[in-house]
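Student: Adding 23 to a residue's 1-based position in the sequence shown gives its number in our numbering.
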Amino acid sequence: MSDEQRKPETESQEFLASPCRLSQLKKRSQIDFEIDFFERILSRDPNYSDVLLQLGELFSRKGWHRRALQVDQRLAQLHPHDPFVLYNLGCSYAVLNRDSEAIAALRSAIQAGYADFEHMRDDHDLDSLRMKPEYIRLLQESETATSSGPLT
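Next up, the structure:
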């Protein structure tokens, strides 16, 4: 059989495989689809911050906290003075019960300008820290510092 005679067979096999792929895609959740999409973009540009932010959020929503932490660590390397990146890093550490690292990241976030202490008090990602004296002290110092100057 010549190569030209084989092509239609191969094309028809691809066409027949296509409905199977569609069925598999329909079974996947929207989050899984988005994770796959963003990971493909990152494979081409691993420093694409906007994509990393989206991916970190999706990993958190999916409950993949270690993967979310890896993304947040990467973002903190790319943007070491961004208060929201540092805050998210603190949240990732807290969710994984890495308390001292969470407190350090939150302190860095505040030093970089994070000041939404009401959100910080209510954020469920930080529930593991609520009763920790270091966390309570950090909030108290931070709220005092906002009225008198930067936290040191």
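Idealized CB from N, CA, C, for every residue including glycine.
1. Quick one: give me the first and last residue of the alpha helix (DSSP H) that H102 is part of.
2. Helix, strand or coil for P156 per DSSP?
3. Between the alpha carbons of E157 and D68, how many angstroms are there, rounded?
4. Comparing C-alpha positions only, which one of L109, L65, C114 sits nearest to H147?
5. Is it buried or exposed for G136, if we count other Cβ within 10 angstroms and need 16 for buried?
6. Pop quiz: P106 and A132 are said to be a contact at Cβ under 8 Å. What is the actual Cβ separation, rounded to whole angstroms?
7. For the stretch 94-143, list the alpha helix (DSSP H) runs that are entirely contained and at least 4 residues long, ordered along the chain.
8. Using the three-state DSSP reduction, which class does G86 fall into: helix, strand or coil?
9. If you drop the 5 nearest sequence neighbours on each side, which residues of the same chain put their C-beta closer than 6 Å to that of L39?
10. Count the other C-beta atoms from every protein chain shown that fall within 10 angstroms of the C-beta of T167, then say buried if there are 16 or more, exposed otherwise.
11. Can you have a look at G79 and say buried or exposed, based on whether 16 or more other CB atoms are within 10 angstroms of its CB?
12. In angstroms, rounded to a whole number, what distance separates the CA positions of L109 and A99?
Tutor: Judging by the given coordinates:
1. No alpha helix (DSSP H) contains H102, which DSSP labels as neither H nor E.
2. helix
3. 38 Å
4. C114
5. Looking at its Cβ environment, which holds fewer than 16 other Cβ atoms inside 10 Å, G136 is exposed.
6. The Cβ separation is near 5 Å, so the contact holds.
7. 106-118, 122-134
8. coil
9. Confidence is the limiting factor: at L39 the pLDDT is only 47, short of 50, which leaves the residue's position unreliable and the question unanswerable from this model.
10. exposed
11. buried
12. 6 Å
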